[in-house]
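As structure tokens, the structure follows; a few thoughts come after it.
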């Protein structure tokens, strides 16, 4: 299920001055599309998936923002479940994976992945 979260509230949660947080804030301010799901997912499963994804992105040479920091923040957060969000930016072409506390009042981490540009 998709949660109703106002754009300004999501921007307010992106408080860190990391590369991914800054770029995601800018994308949201530029009216990038976004979705936040209010169905929590088990953090241990997400960590397994995102560790693999991070290794694959490195092998492929895909530019990322804060991939290592995202995994470290997830490992240290102490939660068993988290909610996910997605922001799709077009300029530059990045998508941002957001990891939020189950009550959607705290952003745990933000990961940016450059999308391929159509040729």
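In this note's numbering, the protein residues as written are 118 to 236. Heads up, the beta-carbon is just placed ideally off N, CA and C, and yes, glycines get one too.
Would you kindly check if the distance between the Cβ of residue 215 and the Cβ of residue 224 is under 8 Å?
Going by C-beta atoms, residue 224 is nearer than 8 Å to residue 215.
Cβ atoms of residue 151 and residue 228: under 8 Å apart, would you say?
-> Inclusion of residue 228 and residue 151 in the CB contact set at 8 Å is not warranted, their separation being larger than that value.
| task | Could you pull the start and end residues of the beta strand (DSSP E) that residue 202 belongs to? | result | Counting along the chain, the beta strand (DSSP E) containing residue 202 begins and ends at 198-205.
DSSP three-state call for residue 150: helix, strand or coil?
-> strand
How big is the Cα-Cα spacing for residue 147 and residue 196?
31 Å
**Prompt:** Could you give the C-beta distance for residue 207 and residue 149, rounded to a whole number, given that I count them as a contact under 8 Å?
**Reply:** Their Cβ separation, rounded to whole angstroms, is 7 Å, which keeps residue 207 and residue 149 in contact under 8 Å.
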